[in-house]
Amino acid sequence: MTDTKTASVTVAGDPQDGKGGILSRINVRSVLPLLGFLLILGFFAVATGGSIVHPKNVRLILNSTYALMIASIGVFMIMSMGSLDFSQGSMIGVSCIVVCTLSNVNPILAVVGGVATGALIGAVNAYFHVRRQIASFIVTICTMFLLRGVVAFLTTNSPAQGAGYLQSQLNDPTLLLAITIGCLVVFYLAFTFTPLGASLKAIGAGQTAARFAGVNVPRTKALVYIAAGAITGFAAFVLAIRNGSVTATGGSMMETQIMLALVLGGLPISGGAKVRFSNIVVGVLTYCILDRGLSMMGLEAAPKQLVMGIVFLVFLALFSDREANQVIK
C-alpha cells in the first residue's frame, strides 16, 4: 500500500522530488508579457501585410523607444516599491527646456543641467512623499500640474530651441541605440547584482517586513525618487536630440505612455517580488509596436486610444497582484 501511494505522488509531480511537472517549474505568468508581445507583433504583421517589419518602420519604432525606454527605468524603480509617479511627463518637459537652453552654451552642460533638473524635481517629490507622508500619486499629480504650468509659461512666446548640433550631429540612430542599451545594461547590473533590486522588491512587498529585513525604507525611497528624476532628466536630453526644440506640449502624456508600457511588460502595479527587469524592455517594445501598428492601420486618435485602453485593461487584469491586496503607497 505504501509503495502505491509513493508511486502516485511521483506521477503527480511532487516538487519535493525535483521531478515535478513542467508547469510546476515554469512561472507561466512571467512568460505572458513575451507572448503578448509576439501576439501583437504577429497580428500587425498580418494586418499591415508585413509593412510593420519593413526596415523603415522598424527604424521608426526604435526611434520612438529611446527616450521612453530610458525614462521607464526610473519609473520602474518607483513602481517596484509599490509607489507611482505621474510627474514624469511634465518633468521631461521642464528638463528638455533646460537641456535645449544650455545646449546653446555647451553640450556637457546641457546633459548635467537636464540630469540636475530631474534630480531636483525628484527630491521635491521625495520630500513630500517620504518626509511628509503624503501618498505618492497625490504628490506627483500635484507636481505634474505645477510643472505643466511651468512648461506652458516658459514656451508661451516661442518654443525652447536647442542648438543645431543636437539634430545635425547627435541625432544618429546608432548613437542613440548605444546610449539606450548602455543605460539598460548599467541598470540591469545594478538591479540584479547589487542590493538595489532586493531592497525595491522588499519595500513593494511590505514596508514593515522590509524594515525588519534591514532596509532603510525612508532613505531608499528618497534616493530612488531622486535617481528616477535624474534618469528622466537624461531621457530629456535624448528627447531633445530627437526633437530639437520644446513646445508647450513637450513631454505631454509621457507619464501615461511609461505606465502603459510597464504594465504591458507585466509589471504589477503593487510592485513587490514579481517585478522583473524584462518588464521594461518587453513593455516599451510592445507599446511602441502597438502604437505604430494602430497608426499604420489608419486609426484616428479617438479609436486608437479606445483600443489601447482596452489592451491596457486586459494586461492590467492579467498582471495585477491580487495576493498583495494593498493600496498604492
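Each residue of the sequence shown is one higher than the one before, starting from 1 at the first, in UniProt numbering.
Here a beta-carbon is modelled for each residue, glycine too, at the ideal position from N, C-alpha and C.
Note that this is a predicted model, so its numbers are computed, not measured.
In the three-state reduction of the DSSP assignment, Q161 falls in the strand class. If you draw a straight line from the Cα of A235 to the Cα of T65, it is about 11 Å long. As DSSP reads the structure, S245 sits in a beta bridge with Q161. Note that the region 251-271 does not touch the region 97-108; fewer than 3 beta-carbon pairs, one per stretch, sit closer than 8 Å.
A straight line joining the alpha-carbon of L62 with that of Q169 spans about 19 Å.
The alpha-carbon separation between S90 and I258 amounts to approximately 13 Å. Between the region 78-86 and the region 294-308 there are fewer than three inter-stretch CB-CB distances shorter than 8 Å, so the stretches are not counted as touching. When V263, T143, S136 and V105 are compared, the shortest CA-CA separation from A222 is found for S136. Contact annotation, P33 with V314: C-beta distance approximately 12 Å; criterion of less than 8 Å not satisfied. About 12 Å separates the beta carbons of M297 and A45, which is beyond the 8 Å limit, so they are not a contact pair. Pairing L316 with V263 gives a Cβ-Cβ distance under 8 Å. For L102, the three-state secondary structure derived from DSSP is helix.
Taking 8 Å as the cut-off, the Cβ atoms of V115 and A240 do not count as close.
The count of Cβ pairs closer than 8 Å, one atom from the region 120-132 and one from the region 192-206, stays below three, leaving the stretches out of contact.
Per DSSP, the continuous alpha helix (DSSP H) segment holding G204 begins and ends at P195 to A205.
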